[in-house]
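Notes follow once the structure below has been shown.
Number of protein chains: 4
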Amino acid sequence: MVVQSMPDASPVRWHLAHATWFFETFVLARAVPRYKPFHPAYEALFNSYYETVGKPLPRPRRGTLSRPTVAEVMAWREAVDQRMEDLLAGAPERVAPHLAAIELGLHHEQQHQELVLMDVKHAFSQNPLRPVYAKEPREQPREAPPHDWVPFEGGRVEIGHAGEAFAYDNEGPRHETIVKPFVLATRLVTNEEYLAFMEDDGYARPELWMSDGIDVARREGWDAPLYWFAEGGEWWEYTLAGPRPVRPSEPVCHVSWYEAEAFAAWAGARLPLEAEWEVAAAGLPVEGNFVESGRLHPAVAPPPPRRPALTQVFGDVWEWTESPYVRYPGYLPPDGAFGEYNAKFMCNTWVLRGGCCATPQDHVRATYRNFFGPDRRWPFAGIRLARW
Amino acid sequence: MVVQSMPDASPVRWHLAHATWFFETFVLARAVPRYKPFHPAYEALFNSYYETVGKPLPRPRRGTLSRPTVAEVMAWREAVDQRMEDLLAGAPERVAPHLAAIELGLHHEQQHQELVLMDVKHAFSQNPLRPVYAKEPREQPREAPPHDWVPFEGGRVEIGHAGEAFAYDNEGPRHETIVKPFVLATRLVTNEEYLAFMEDDGYARPELWMSDGIDVARREGWDAPLYWFAEGGEWWEYTLAGPRPVRPSEPVCHVSWYEAEAFAAWAGARLPLEAEWEVAAAGLPVEGNFVESGRLHPAVAPPPPRRPALTQVFGDVWEWTESPYVRYPGYLPPDGAFGEYNAKFMCNTWVLRGGCCATPQDHVRATYRNFFGPDRRWPFAGIRLARW
Amino acid sequence: MVVQSMPDASPVRWHLAHATWFFETFVLARAVPRYKPFHPAYEALFNSYYETVGKPLPRPRRGTLSRPTVAEVMAWREAVDQRMEDLLAGAPERVAPHLAAIELGLHHEQQHQELVLMDVKHAFSQNPLRPVYAKEPREQPREAPPHDWVPFEGGRVEIGHAGEAFAYDNEGPRHETIVKPFVLATRLVTNEEYLAFMEDDGYARPELWMSDGIDVARREGWDAPLYWFAEGGEWWEYTLAGPRPVRPSEPVCHVSWYEAEAFAAWAGARLPLEAEWEVAAAGLPVEGNFVESGRLHPAVAPPPPRRPALTQVFGDVWEWTESPYVRYPGYLPPDGAFGEYNAKFMCNTWVLRGGCCATPQDHVRATYRNFFGPDRRWPFAGIRLARW
Amino acid sequence: MVVQSMPDASPVRWHLAHATWFFETFVLARAVPRYKPFHPAYEALFNSYYETVGKPLPRPRRGTLSRPTVAEVMAWREAVDQRMEDLLAGAPERVAPHLAAIELGLHHEQQHQELVLMDVKHAFSQNPLRPVYAKEPREQPREAPPHDWVPFEGGRVEIGHAGEAFAYDNEGPRHETIVKPFVLATRLVTNEEYLAFMEDDGYARPELWMSDGIDVARREGWDAPLYWFAEGGEWWEYTLAGPRPVRPSEPVCHVSWYEAEAFAAWAGARLPLEAEWEVAAAGLPVEGNFVESGRLHPAVAPPPPRRPALTQVFGDVWEWTESPYVRYPGYLPPDGAFGEYNAKFMCNTWVLRGGCCATPQDHVRATYRNFFGPDRRWPFAGIRLARW
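Shown next as structure tokens:
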């Protein structure tokens, strides 16, 4: 609950406190007259990055805090939960102005639920004891179905969120764009396919890589996805169920955008544009291998319902796209602190789509835009190929 | 000719050698049977970044070479020029297969001519003696015309290069895209306008900045454009004509994309998309303040020919756009080493348009896509505002 | 118990585990036939730096371990304590060969008791909540006695440990050396005296400093001892009893060797040589303000028993000397792992003498040689002046 | 003349300018009424580290200066030489107060003559063209004489400079110290002996190394002396006469103190204390392989004049000692800028003795104390063993 294994990660205790902080800062302190915070210092301690509401503790120092203790944080959570319930049980006209912030807070907490699993996985993977977080469900091993392509017409299409249902600001405005005819792979790239890239010297061939990418790969000594390690002449990977041999049929996971891009170049293909992905996903049900399955690891692709058809579109792994994360035409960030939620990261990051095995199922949708820097490997992120 | 004042820059001698290397490696060694290179070690020493043709010397070490001397490099240049002339004077059918490489080599050398001026400016600015590179032409001071907006209809438009004339691979394929109606500023942002941003605490207000941008600004202590320094209660700037007080009416120059973006946010505007810029520039003559003027510094905007009309579109300063530098739909990098010319930098860089006062006039065109990382300040880069 | 607030520090849990590891590795595993370690991975996890007995976990990563938990470590301690008791209760001839290692282990654990207090102080000082570790005892405030000098004859003297009582290897062999006549200050330098140095611009005058020292002071922004902070126009310091205003009469504490050296130069004096200190301390009782007082902070010097006489020789703060930490003439490190205990740090470190308010009283003696790098400020270290 | 190949080194042009600066700043500006400096900016540009006479240019930036040109620096040197000659030709009573500074300036320039050779060697070694600085004299190859020991009685001895002849401040005061009986090796350690250490895995055995030393060796990837490289299954070294195979009988050179110390530990010996070295060298003539020989590389030890006797005491390589560089008892740095000449480096550096093949012969003496940080490898430094 307390350790921080790298600057990008946070202690679980911090995530718990931060999600609480969100409701206290953005709901209770605004909705409750003369609201007295639970503790005057928690405001700054558990602010993640909102510079408009104070001076956050630098992220790399989150793991150096020995106080408040886990018990103190849990007491805070309970107190804030109670006050939130009191607020919600009160006069509807007092709650109404805060409903948007409450809804945002719930989605925000879901994001941190996924981050908790990402960060625990990283911390445990660094521990020489390699602890098990949760046993994996018993399942029959199966083969991945053969790789195939699904064609799409493209043309003048619409993407982006519209309507009343919740979406983050960065998903709108809905707008038109032009997409050339394209094909998408029916399923995610498997470990077996990725191993072929590795064995073909993929990590050492600069012509496959972005210039920045090969630099970071060399500097960090990358020669396989994060969490993979060689032992006894075989590739193993650390999973939340502990270390085990890499299974060839499972989707490759924990690769950076740089690796995804280099793999695609090696395979004579490319990553999908986010508009292509969204057009293809638009009509599909949001079903798949989410956190609720308890598997906490991407699963082998199911047999396709008909040939060819897309599978694994939602869940399993976030799919890197070829699209830099920038604002949609006409987008304006919201006023105030929520303007910092998404907009200030629209630089040097890339869009991922579809959710993963650590995402709550009701958190994602076809228009959902996740984003990470191109060198980040600790998200549950993988590869779907595209071609023109 | 020999010093390197930062990792991004190169000694002038290196630029001279590298442009020579290009013709020897990509033309002579291929066109001349049993070609014997001038010196066996120059291949690796003066390769810039082509990993497919050997192992380049790391860029930050270019300034540590005391050999070959300037005289030796000039002798090499003369020898290669002579051999190029011999080749060109020879049988046309022997030259024909190499014409594309020769043309690319000439445009490539023009790029390095601009880099020489950028790098000399940086080196001289670091020298406490602040040497003068070239005196500036005598001119009457004048005011910048008032700021105004030019409206554009947008809609379904075409951008990108097509046709027989030379263009870099990254300018194509020509393709359709959709642009909302937009307005562009009639002229570049002036120093006076930028000073207002500075005085309004622009460098210290994170809500105006990308998250990465404010981090680098803090870490590097940015509080003004590169080459500006405060002296006697007044802002001065180092120019290639030596240090002099900042002139309010001149375009602001040597700002990063981060600063341009923050300025635009502060001004209630944004940077142009590259498609917007290109649509607006498409019909205009490529005229303006280029290297041929000898001014080597952006000039005050001329009075507009009619109201409102775009001025300073070409020359003066490269204009940062809001578009990340990525491939156009359907783009495929060329095979072989020339595939590294542009494609491997399509990550974490942003597009600039229009050329600058250090660019040869016949080097640019409306479809030309220059690119730099968002934190780079040594290009002659400035700001044109846009709005929806 | 879990956090690590800087690379030099370790989590308390780690100290507890490491002291246990020492007994298991160097006593039980050697003394008990077919000894089965409590847990096979603890060997490497809690090895501090003994390269001859395996591959230690890098120190900066000690704070990233979430397993074993505190409870697991405490269970290990109990198990090892029990086995140690069993061993000691057994046949004396089986214990005899291990008595030296057991004695070393006990002194080693005392060193880690002091480190626990140093590391907790650092971690708590970094925490914006500034927690209190232990309330300080109630005491009458008093003035420091006036500063005076005690003269010593010097000449041909003997220093170093000899005899049967326990001492670390680095305290011997006892040997002759020559010392010029010298004087030592009767008491430690006070905060008030150190403030005069600060107010005389001591941190900004390079002529007072070692070249390396002023570099680190500038790079780290030092302008006062560690744990001091300015608030409301006044200097405060963080103590294990929480933050409170700096008390002028107390000895200055948490200064580096660089600061001690610069202060001495400013005061027209110097630091004592370790031979001078030892000659002066040789006859004195090991009494003073040690960890047993519960004060955990240096105390105001007592009135001297006669004039002039040395006070505060033992306890309060470790006293930086002018002597680099190197081996005594004829010293040879012990064979095996214990050879790493002291010898491999005899480079770029300086000797401190006398123990401090966090040291167990029966841990120190006149010949005891502590050592730290010249830039370390988290030990309870202060200054006694000397002159020829 | 212009390049700087690492932060420790300086361009040759800088050395030339700096030696000139010394005479202008410390002699002419003080001795000549209303002295007008040759150029007002040279004062700061060519100050090395004297913080009491202004703000020096940071050393790592010395290689970024393109102005003043070499020709301008040579003109300055001539002008200053001329003014120095004028001064010396003038009234003796005007010269007298400056004789000490002039003498210091001449010895100072000798030190920079040696640094020029060190820095050129480093720069050339980094250049893939591996230029030759000077051909080596033709010589008959010969074997090194067998290794042997010379015994010394030790006891109460005197070291340090006394008398009228020139010496640096750090060589005094002459004082008594006690030295145990010891033996010194008759000659320097050879490459062949050092190769045996390398082949016995010396660089990978932490028990032989200081803790700091093995860290830097690992971080920097040391596996041989500086300038050695493996080619065709054989060790080569870069010398000022160009690259050539390592000659087994020559003294090992360009090792750090860490390597010298580890080698000595491996050999069951140690490095000499500076007092031991000085006592042994005290009566010997200052003769050997100095810069005047033109060899610019250490030479094979001569046959000893009698058995056993010390050879190679002066010249060939600086000999690392086991003594940290600290002040002698009673030493006080001179007032003013010359106080910075030596005293502020008495921390984290180690004493070397005897001069080397790049030192002017009349520059050294038995009491001469050179010093470098324990990780420095670009001095011409080697190893003589000692034992008790």
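Here the protein sequences come in this chain order: A, B, C and D. With this note's numbering applied, the first sequence covers -10 to 377. With this note's numbering applied, the second sequence covers -10 to 377. With this note's numbering applied, the third sequence covers -10 to 377. With this note's numbering applied, the fourth sequence covers -10 to 377. Every residue gets a Cβ at the ideal spot worked out from N, C-alpha and C, and that includes glycine. Note that the structure is a prediction, hence the values are computed from the model and not measured.
In the structure shown, the three-state DSSP call for B/S37 is coil. A Cβ-Cβ separation of about 6 Å places B/W309 in contact with B/L260 under the 8 Å criterion. Membership of A/N180 in the alpha helix (DSSP H) is indicated by the continuous run 180 to 188. Residues of chain A whose Cβ lies closer than 7 Å to the Cβ of B/P292 do not exist; the shortest such Cβ separation is about 33 Å. Taken atom to atom, the span from the alpha-carbon of D/P214 to that of D/A123 is near 22 Å. Residues of chain A with a Cβ closer than 7 Å to the Cβ of C/G52 are, in chain order, V(-8), G52. Under the three-state reduction of DSSP, B/V340 is assigned to strand. When Cβ-Cβ separations below 8 Å define contact, A/L34 makes contact with chain C. Chain D has no Cβ within less than 8 Å of the Cβ of C/W138. Non-local C-beta neighbours of A/V241 in its own chain, meaning closer than 7 Å and more than five positions away in sequence, comprise V178, T179, N180, Y183, P214, G371, I372, ordered along the chain. The beta strand (DSSP E) runs lying completely inside the segment 130 to 169 of chain A and spanning 3 residues or more are 138 to 141, 144 to 148, 164 to 168, given in chain order. What C/N331 touches in chain A, judged by beta-carbon distance under 7 Å, is nothing: the nearest beta carbon there is about 28 Å away.
Shown here for B/T166: same chain residues with a beta carbon closer than 7 Å to its own, the five before and five after excluded, namely V146, I148, A264 in chain order. A Cβ of chain C is located within less than 8 Å of the beta carbon of D/F334.
For C/A174, the enclosing beta strand (DSSP E) covers residues 171 to 174. Among the CB atoms of chain B, none fall inside 8 Å of the CB of A/M63.
Membership of C/P81 in the alpha helix (DSSP H) is indicated by the continuous run 81 to 84. Only buried fits B/D158, as 16 or more other CB atoms lie within 10 angstroms of its CB.
Using a Cβ-Cβ cut-off of 7 Å, C/K169 is close to P318, G319 of chain D, given in chain order. Close to C/P297, with beta-carbon spacing below 8 Å, lies no residue of chain D; the smallest spacing is near 23 Å. Among the residues facing chain A, C/A230 is not included, as its CB has no counterpart in that chain under 8 Å away. The way I'd put it, the segment 330 to 337 of chain B does touch the segment 195 to 209 of chain A; three or more beta-carbon pairs between them come closer than 8 Å. Rounded to the nearest whole angstrom, the CA to CA distance from C/F279 to C/L285 is 8 Å. Counting along the chain, B/R233 sits inside the beta strand (DSSP E) bounded by residues 231 to 234.
Per DSSP, the continuous alpha helix (DSSP H) segment holding D/S200 begins and ends at 200 to 209.
In this structure A/P287 touches A/F369 by the C-beta definition: roughly 7 Å separates them, less than 8 Å. Among the CB atoms of chain C, one or more fall inside 8 Å of the CB of D/V315. Judged by beta-carbon spacing, B/V1 lies within the 8 Å limit of B/D108, meaning their Cβ atoms are closer than that value. Taking C-beta separations shorter than 6 Å and ignoring five residues to either side along the sequence, the partners of B/P140 in its chain run V172, following chain order.
Between the alpha carbons of C/W225 and C/V235 lies a distance of about 5 Å.
Beta-bridge analysis with DSSP links D/N359 to D/L341. Here C/G94 has A8, F11, F12, F15, V16 as same chain residues with Cβ atoms under 8 Å from its own Cβ, once five neighbours each way along the sequence are excluded.
Neighbours of C/G328 across chain D, judged by C-beta separation under 8 Å: E196. When CB distances to chain D are screened at a threshold of 7 Å, the residues of the segment 114 to 131 of chain B falling below it are Q115, N116, P117, L118, P120, in chain order. At least 8 Å separates the CB of C/S282 from every CB of chain D. Chain-ordered, the chain C residues with CB closer than 7 Å to the CB of D/D201 read C336, N337.
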